[in-house]
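Chemist: Residue numbering for the sequence shown follows our numbering, beginning at 26 and increasing consecutively.
Don't be surprised by glycine CBs; every beta carbon is placed ideally from N, CA and C.
It should be emphasised that the depicted structure is a prediction, and the values quoted were computed from it without experimental measurement.
The following block contains the structure, expressed as structure tokens.
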Amino acid sequence: FYPGGDRPYLCSGADDHAIRVWDYQAKSCVRVLEGHQQNVSTLVFHPRLPLLLSGSEDGSIRVWGAATWRPELVINAGLDRVWGLVVGGPDGADIGIVGDLGSSVM
């Protein structure tokens with residue numbers, strides 16, 4: 026759930042490799058984000074910045090601008106399939122990643 030901007034948004038990831046951005050109030054899909062090569066398994070909005078992070082079974086973590094919904098960065102943590110993401114720390118600079126081969130904090 027992302028309450029930033031002029032509308033509240035929900036995002037969902039699925040087995041079709043896409044992320045869908047939903048307008049919570051209008052109950053409609055406003056964007057489809059594509060870029061992952063396999064199932065999208067986890068999503069998290071940054072707590073302070075207008076960013077969405079997605080993890081996939083393709084092993085990548087993608088960072089999307091929540092204002093433009095464009096891809097900003099692709100990270101490969103070398104953990105095989107990515108199952109979980111968390112953003113934390115005092116300034117939101119720490120990213121926790123969980124994959125098949127273990128976990129990492131960046």
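With distances taken from CA atoms, which of F70, Q50, Q63, G60 is nearest F26?
Modeler: For the purposes of this step, residue 26 is identified with residue 1 of the sequence shown, where counting begins at 1. Residue F70 is the option with its Cα nearest to F26.
Chemist: Check whether the Cβ atoms of G90 and L110 lie closer than 7 Å to each other.
Modeler: To locate residue 90, count along the sequence shown from 1; it is residue 65. To locate residue 110, count along the sequence shown from 1; it is residue 85. No.
Chemist: Starting from the Cα of L68, find the closest Cα among L98, V88, A92, G114 and give me that residue.
Modeler: By 1-based counting over the sequence shown, the position of residue 68 is 43. Looking at the Cα atoms, V88 is the closest of the given residues.
Chemist: Relative to the C-alpha of A92, which candidate in H61, N101, P75, L98 has its C-alpha closest?
Modeler: Here the question's residue 92 lines up with position 67 in the sequence shown. For A92, the nearest C-alpha among the options comes from P75.
Chemist: So G117 and L104 are in contact, right, with Cβ under 8 Å, and what is the actual spacing, rounded?
Modeler: Numbered from 1 along the sequence shown, position 92 holds the residue referred to as residue 117. Numbered from 1 along the sequence shown, position 79 holds the residue referred to as residue 104. Contact flag wrong, Cβ pair sits at about 21 Å.
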